[in-house]
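Structure first, then comments.
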Amino acid sequence: MSLSKPETERLTVVIVGAGLVGCIQAIYLTKRGQHVTIYEQLEDPRTWSEERARSINLTMSPRGQTALREIGLEDQIVRSGVLAKGRVVHDGKGNRTHSLYNEKGEGIVSLKRTKLNAFLVEEAITTYNIPIHFEHSFEKCDATPGDPEGQETCVFRNKDGEQVTVKADLVIGTDGAHSAVRQEMFNRKKLNFFKQEYHDHWYTELVVRAGADGKHQMEPDMLHIWPREQFMLITFPNQNGTFSGTLFMPAEKFDEILGSKEVLVRFFNAEFPDLVRLVGEDYLRKHFFGEDGHTVKRPGRLISNEVRPYHSGRSILLLGDAAHAMVPFLGQGMNSGFEDCWILDKIFQKHGYSIETLGLVLDEFSNQRCEEGKAISEMAFEHYVELRSDIAGFSFYVRKFLDNMLFRVFPDKWVPQYTMVAFTNKPYSECRLEVERQKRVITWTLISVGLAFLVTLLAIFLKWCVWP
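UniProt numbering puts the first residue of the sequence shown at 1, with every later residue one more than the last.
Here it is in structure tokens:
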């Protein structure tokens, strides 16, 4: 789809952060005829080494695809990933349980973050001629005194230590969970509410290599999960026959297993024996302790934040993780960020691109998206608890059975949580309310069935053992 250029004035927009959301937002604005420049603190991701490029895999769902479809990038990006249609749960003995996401055969697309980022940077620069200044750190921005147009003066510091100053009608912060633009809003006392939470669980990556034939060693159209109550390992398929894996675990457990190579190998053999058979003990030693055996691979920490509002006046806006960072367990971080861009575009189309309407656009965007960010962040963390513990238990499969049965019988009235979040564009806040209603229905259904069973047993007992 080709976006039309609106018959309005041209805004000068500075985007801070050349990550996934920053590039998508820049392309949206450029296709609408606006003047966009991106500044990025890090070096060009197209130059990153394989080791530098490792990160948690991403999953693309229809929300993200909807945003990409509007700017004509959906097909290219979907083709670069692997479609996963469900989960394989591995127990402690190596047994596997398969489950599809839903009976329609819908799936999510597994993507490598750095590969996607490099593609979007290339697309922004070569196809849309968007200037991207790498290794420029954001320092501050100030409303220009006496400027009738209300422009912001942004200050960056380049890799040589030189100060770079640029003016903008609109500054968009897409600079991640530790956003410097958000800090600027905080310094101006423009945030009504801000909460940043560092979670007890940390993460580290590993790789399941391709087999001798160059193909995947496990089912390539599934995510593979090893749930272990207080920790969990999950792997995502890649096109080159590998799986990108991530181990999520409490900090004290990481400290324990990284105490020595022997402890590490013993832990993996005890908890993930089938995985060890695929990657080998030697790989684990080198991956976590380096080739020299002494360079310990330290885990990263999970973080989430809640911000209100997402904008400051008519000149500063937060998108993506800068506005609503979340734990990655519903696979909605990237999707919700791309959805931000899609929603913002619709609001701009409603009010037009002009200095006079900027405040109205940003205010409407904040009012619409703040509750959505809060809802998906809460659901994502609850889903982690389910994945690491409940998914391995009998109660999970009972609820899953009831979910799917009710979905089959009442497809318009009952949609399971994951299907709602991952396979529709239904607002997250509405999904949240619907999930709470479903939990009450299933809880009372199970209680009623349990009571009916007990009453039946009691009646049988009284008939045969008590009454003459």
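Note that the Cβ used here is the ideal one computed from N, Cα and C, for glycine as well.
**Item:** Sequence ranges, alpha helix (DSSP H) only - wholly within the stretch 255-283, length at least 4
**Value:** 261-271, 273-279
**C-alpha distance - leucine 29 paired with methionine 232, whole-angstrom precision** = In this structure, the alpha-carbon of leucine 29 lies about 40 Å from that of methionine 232.
**Request:** Measuring alpha carbon to alpha carbon, tell me which of Lys167, Ser244, Glu205 ends up nearest valine 82.
**Result:** Cα-wise, what sits closest to valine 82 is Ser244.
**Request:** Answer with buried or exposed for alanine 392, where buried requires no fewer than 16 other C-beta atoms within 10 angstroms of its C-beta.
**Result:** In this prediction, alanine 392 has a pLDDT of 49, which is less than 50 and means its spatial position is unreliable; nothing more can be read from the coordinates.
**Asked** Do the CB positions of alanine 210 and threonine 242 come within less than 7 Å of each other?
**Response** yes
**Request:** Report the three-state DSSP secondary structure of aspartate 412 (helix, strand or coil).
**Result:** coil
**Asked** Within this structure, are the beta carbons of glutamine 183 and asparagine 305 separated by less than 7 Å?
**Response** no
**Prompt:** Using the C-alpha atoms, what's the distance from asparagine 335 back to valine 449?
**Reply:** 39 Å
**Message:** At the level of alpha carbons, what is the spacing between glutamate 378 and tryptophan 464?
**Reply:** Taking the straight line from one Cα to the other gives about 51 Å.
**Cα-Cα separation, phenylalanine 365 to cysteine 154** = 23 Å
**Asked** Buried or exposed: arginine 266, going by 16 or more other Cβ atoms within 10 Å of its Cβ?
**Response** exposed
**Message:** Going by DSSP, what residue range makes up the alpha helix (DSSP H) through residue 536?
**Reply:** Summary: the structure shown does not reach residue 536, with the chain confined to residues 1 through 468, and so no result is reported for it.
**Prompt:** Would you say the beta carbon of tyrosine 310 comes nearer than 6 Å to a heavy atom of the ligand NAP?
**Reply:** Judged by which ligands are present, the structure shown has none, so any question about the ligand NAP falls away.
**Asked** Would you call glutamine 76 buried or exposed, if buried means 16 or more other Cβ atoms sit within 10 Å of its Cβ?
**Response** Exposed.
**Request:** For glycine 161, count neighbouring C-beta atoms within 10 Å of its own C-beta (all shown protein chains included) and say buried if the count is 16 or more, exposed if not.
**Result:** exposed
**Request:** Could you say if the stretch 31-51 and the stretch 110-122 meet the contact criterion of at least three C-beta pairs nearer than 8 Å?
**Result:** yes
**Message:** So, at 6 Å on beta carbons, what are the nonlocal neighbours of valine 78 in its own chain, with the 5 sequence-adjacent residues on each side left out?
**Reply:** Val109
**Residues near valine 421 in its chain [Cβ-Cβ closer than 6 Å; skip 5 each side]** = Leu330, Cys431
**Request:** Tell whether a beta-carbon distance below 7 Å holds between tyrosine 198 and isoleucine 303.
**Result:** yes
**Message:** For tryptophan 464, report the span of its beta strand (DSSP E) as first-last.
**Reply:** Careful: tryptophan 464 lies outside any beta strand (DSSP E) and carries neither H nor E.
**Item:** N- and C-terminal bounds of the alpha helix (DSSP H) containing valine 181
**Value:** In this chain, the alpha helix (DSSP H) harbouring valine 181 covers 180-187.
**Item:** Counted within 10 angstroms of its Cβ, other Cβ atoms place valine 435 as buried (16 or more) or exposed
**Value:** buried
**Item:** Classification of histidine 98 by the beta-carbon crowding that lies within 10 angstroms, buried from 16 upward
**Value:** exposed
**Prompt:** Cα separation between valine 16 and leucine 42?
**Reply:** 11 Å
**Proximity to valine 21 [Cα-Cα], best of Leu446, Glu339, Gly352** = Glu339
**Prompt:** Under a Cβ-count criterion, where at least 16 other Cβ atoms within 10 Å of its own Cβ denotes burial, should glutamine 438 be classed as buried or exposed?
**Reply:** buried
**Prompt:** Whose C-beta lies closer than 8 Å to the C-beta of proline 250 among residues of the same chain, with five residues either side of it excluded?
**Reply:** Asp200, His201, Trp202, Gln230, Phe231
**Prompt:** Ordered along the chain, which non-local residues of its own chain (more than five positions away) have a Cβ less than 7 Å from that of glutamate 139?
**Reply:** Cβ-Cβ distances below 7 Å link glutamate 139 to Val155, Phe156, Arg157 in the same chain, with the five nearest sequence neighbours on each side left out; the list follows chain order.
**Asked** Apart from the five residues just before and just after proline 220, which ones in its own chain have a Cβ nearer than 6 Å to its Cβ?
**Response** Answer for proline 220: Pro237, listed in chain order.
**Request:** Would you mind stating whether leucine 360 and glycine 173 have Cβ atoms separated by less than 7 Å?
**Result:** no
**Asked** Straight-line CA distance for histidine 287 to phenylalanine 186?
**Response** 40 Å
**Request:** Tell whether a beta-carbon distance below 7 Å holds between isoleucine 27 and alanine 168.
**Result:** No, the Cβ-Cβ distance between isoleucine 27 and alanine 168 is not below 7 Å.
**Beta-carbon spacing of methionine 218, alanine 84 below 7 Å** = no
**Message:** Output needed for asparagine 102: all residues of its chain with C-beta closer than 6 Å, excluding positions within five of it in sequence on either side, in chain order.
**Reply:** Thr419
**Asked** Whose C-beta lies closer than 7 Å to the C-beta of threonine 66 among residues of the same chain, with five residues either side of it excluded?
**Response** Trp342, Asn425
**Message:** Just verifying my parser: in three-state terms, what is the DSSP assignment at glycine 354?
**Reply:** Checking the displayed sequence, the identity of residue 354 turns out to be serine instead of glycine. Three-state DSSP puts serine 354 in coil, outside helix and strand.
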